[in-house]
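Asks:
Residue numbers (my numbering): 53 to 497.
#1: Could you tell me whether the segment 307 to 315 touches the segment 368 to 383, where touching means 3 or more Cβ pairs closer than 8 Å?
#2: Do you know how far the Cα of residue 278 is from the Cα of residue 320?
#3: Comparing alpha-carbon positions, which option in 332, 473, 189, 308 lies nearest residue 402?
#4: Please classify residue 347 as buried or exposed, where buried requires at least 16 neighbouring CB atoms within 10 angstroms.
#5: Count the other CB atoms, across all protein chains shown, that sit within 10 Å of the CB of residue 357; report buried if there are 16 or more and exposed otherwise.
#6: Using the rule of at least 16 other Cβ atoms within 10 Å of the residue's Cβ for burial, across every protein chain shown, is residue 423 buried or exposed?
#7: Could you give the residue range of the beta strand (DSSP E) that holds residue 32?
#8: Please name the residue, chosen from 167, 148, 203, 214, that lies closest to residue 248 on a Cα-to-Cα basis.
#9: Determine the DSSP secondary structure at residue 376, reduced to helix, strand or coil.
#10: Along the chain, where does the beta strand (DSSP E) containing residue 328 start, and where does it finish?
#11: If we ignore side chains and look at the alpha-carbon of each, how far apart do residue 58 and residue 250 end up?
#12: Apart from the five residues just before and just after residue 442, which ones in its own chain have a Cβ nearer than 6 Å to its Cβ?
#13: Answer with buried or exposed for residue 487, where buried requires no fewer than 16 other C-beta atoms within 10 angstroms of its C-beta.
#14: My assumption, with CB atoms under 8 Å, is that residue 510 sits in contact with residue 224. Please give the rounded CB distance.
#15: From the DSSP output, in three-state form, read off residue 240 for me.
#16: Go ahead and label residue 132 buried or exposed: buried means 16 or more other beta carbons lie within 10 angstroms of its beta carbon, across all protein chains shown.
#17: With C-beta atoms as the reference, is residue 480 less than 8 Å away from residue 473?
#18: List the endpoints of the continuous beta strand (DSSP E) containing residue 361.
#19: Taking buried to mean at least 16 other C-beta atoms within 10 Å of its own C-beta, is residue 466 buried or exposed?
#20: Between the C-alpha atoms of residue 406 and residue 335, what's the straight-line distance to the nearest angstrom?
#21: Under 8 Å Cβ to Cβ from residue 106, same chain only, skipping five residues before and after it: list those, please.
#22: My parser needs the beta strand (DSSP E) runs of 3 or more residues fully inside the segment 184 to 220; what are they?
#23: How would you write the range of the alpha helix (DSSP H) that residue 263 sits in, first residue to last?
#24: Specify the secondary structure class of residue 452 as computed by DSSP and reduced to three states.
#25: Is the beta carbon of residue 358 within less than 7 Å of some heavy atom of the ligand GTP?
#26: Can at least three beta-carbon pairs, one atom from the segment 230 to 238 and one from the segment 206 to 214, be found at a separation below 8 Å?
#27: Residue 127 and residue 172 look like a contact to me (Cβ under 8 Å); what is the Cβ gap, rounded to whole Å?
#28: Output needed for residue 449: all residues of its chain with C-beta closer than 8 Å, excluding positions within five of it in sequence on either side, in chain order.
#29: Since I believe residue 400 is in contact with residue 342 (beta carbons under 8 Å), could you give me their beta-carbon distance rounded to a whole number of angstroms?
#30: Can you give me the C-alpha to C-alpha distance between residue 326 and residue 337, rounded to a whole angstrom?
#31: Does the Cβ of residue 31 have 16 or more other Cβ atoms within 10 Å, making it buried, or fewer, making it exposed?
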């Protein structure tokens, strides 16, 4: 149910009464407020401070003489933001302008500083900056909760952006799966806010960009947890697809990869909860999804998203997978293709797991299907590895975490493919300070 301004009069508000229509009711925004876990964080900080080993980078004490807030902001804007597609040039300028606004409890500023400090502390192994980062995170969390209590601020771009940044902070500080509940809380909060913001958010470029950022995060979170796509996200996605801006956006692409992702996530969730157990039904659904994914790729290969593979320069070969590299029209294009590859690998793994359980007796046909799915998994896993130089060292590098994790976990992949994926995950941890990448690298099956 979408939130509307009302006077909270019972049983219905004056606005709806004047419009002679049923009142949808007042949604209690306090349901969205994040739990204050500062006590738990303080306890954790105390434990970490007492057990931290000696920092590897001794010059960090000198660095602390500088303004850590400014260093954190600079790191964030250079390492985590971009003006490339699908973002317009105004996105980064809006973020910078919002950061510099002199408003009490600037939740975006607090969030950006928390993210920047967290990343710097991880890269530099600086416990003192860790303390500052978590302190700033607590301030950002408090400011965000204050905004969520205010109906006008709750649906503002700044509030949604702050939640995105708070989720990024948790990803950066992610040390074990015990930390996943905080990440999940931010994802769920973002989903609720996207729903509350309604279709009005799609009349503005910034609103669309924030939606696109969160949509992929929510999909990945659902896939990881084995749960279906939230109905609120499905509803808001259909509103976007039907909007004028969504129609324009769709005209520039071969279809909605997100909607295909919804179908795969929901199939995986139904299998996880045993809502669907019939091998024939699972197989047919997966084959249908795979067919639509192939159609998407075929159309994309004929559009401005097409790419080609070349032999890497001799000086670069050691940084490229098997001495090859991809050439994309944009870094965003590389990210989109890796999303497609990830979905297709997962889909073909489901097909492979159920092909032998099919009721038909044609073993030769089953063998052909089995060989095809194995070939697809091998080929697309190699493509993900080959694409990494196109994304490494850019603000898009974190988008590689999920695809690389899928490659590293796939038991059909040969050791050198899986180890390459693991090395890239570790590289993301070292260069961007994202601890979640290292956690995933250490969970190779």
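Where a beta carbon is used, it is the ideal one built from N, C-alpha and C, also for glycine.
All values reported here derive from a predicted model rather than from experimental measurement.
Replies: In this structure, then:
#1: no
#2: As a position in the chain shown, residue 320 is number 268, starting the count at 1. As a position in the chain shown, residue 278 is number 226, starting the count at 1. Answer to the nearest angstrom: the Cα atoms are 6 Å apart.
#3: Your numbering for residue 402 matches position 350 in the chain shown. In terms of Cα proximity to residue 402, the closest of 332, 473, 189, 308 is 332.
#4: If you number the chain shown from 1, residue 347 lands on position 295. That one is exposed.
#5: Walking along the chain shown from the start, residue 357 turns up at place 305. Buried, since its Cβ has 16 or more Cβ neighbours within 10 Å.
#6: Against the chain shown, residue 423 aligns to sequence position 371. Burial call: exposed.
#7: Outside the shown range of the chain (53 to 497) lies residue 32, about which nothing can therefore be said.
#8: As a position in the chain shown, residue 248 is number 196, starting the count at 1. Among 167, 148, 203, 214, the Cα nearest to that of residue 248 is on 203.
#9: Sequence index remark: in the chain shown, residue 376 carries index 324 (1-based). Residue 376 falls in the strand class under three-state DSSP.
#10: As a first step, residue 328 is located in the chain shown; it is residue number 276 there, counting from the start. Here residue 328 belongs to no beta strand (DSSP E), and DSSP marks it neither H nor E.
#11: Residue 58 sits at position 6 when you count from the first residue of the chain shown. Residue 250 sits at position 198 when you count from the first residue of the chain shown. Any reading at residue 58 needs caution, since the residue's pLDDT is 46, under 50, leaving its predicted position unreliable; the model's value is listed next. If you take the alpha carbons of residue 58 and residue 250, they lie about 16 Å apart.
#12: One-based indexing of the chain shown puts residue 442 at position 390. Around residue 442: 378, 380, 386.
#13: Walking along the chain shown from the start, residue 487 turns up at place 435. Residue 487 comes out buried.
#14: A query on residue 510 cannot be resolved here, the shown segment of the chain reaching from 53 to 497 and no further.
#15: Stepping through the chain shown from its first residue, residue 240 is reached at position 188. The answer is helix: DSSP assigns residue 240 an H, G or I state.
#16: Residue 132 sits at position 80 when you count from the first residue of the chain shown. Residue 132 comes out buried.
#17: Taking the chain shown and counting its residues from 1, the one referred to as residue 480 is at position 428. Taking the chain shown and counting its residues from 1, the one referred to as residue 473 is at position 421. No; because the gap between Cβ atoms is not below 8 Å, this pair is not in contact.
#18: Residue mapping note: residue 361 aligns to position 309 of the chain shown, counting from 1. Here the beta strand (DSSP E) through residue 361 covers 360 to 363.
#19: As a position in the chain shown, residue 466 is number 414, starting the count at 1. That one is exposed.
#20: Numbered from its first residue, the chain shown carries residue 406 at position 354. Numbered from its first residue, the chain shown carries residue 335 at position 283. Rounded to whole angstroms, residue 406 to residue 335 spans 6 Å at the Cα level.
#21: Taking the chain shown and counting its residues from 1, one reaches residue 106 at position 54. Residue confidence is low: residue 106 scores 40 on pLDDT, short of 50, so the model does not pin down where it sits. Its coordinate-derived value is still stated next. Around residue 106: no qualifying Cβ.
#22: none
#23: Reading the chain shown from its first residue, position 211 is the one you call residue 263. Its alpha helix (DSSP H) spans residues 257 to 277.
#24: Taking the chain shown and counting its residues from 1, the one referred to as residue 452 is at position 400. Of the three classes helix, strand and coil, the one that applies to residue 452 here is helix, per DSSP.
#25: The ligand content of the structure shown is nil, which means the ligand GTP is not present either.
#26: no
#27: Residue 127 sits at position 75 when you count from the first residue of the chain shown. Residue 172 sits at position 120 when you count from the first residue of the chain shown. The pair is a contact, with the Cβ atoms about 6 Å apart (cut-off 8 Å).
#28: As a position in the chain shown, residue 449 is number 397, starting the count at 1. 443, 480, 483, 484, listed in sequence order.
#29: As a position in the chain shown, residue 342 is number 290, starting the count at 1. As a position in the chain shown, residue 400 is number 348, starting the count at 1. Rounded, the Cβ-Cβ distance is 6 Å, consistent with contact.
#30: In the chain shown, residue 326 corresponds to position 274, counting from 1. In the chain shown, residue 337 corresponds to position 285, counting from 1. Approximately 15 Å, taken between the alpha carbons.
#31: Nothing can be reported for residue 31: it is not among the residues displayed for the chain, which extend from 53 to 497.
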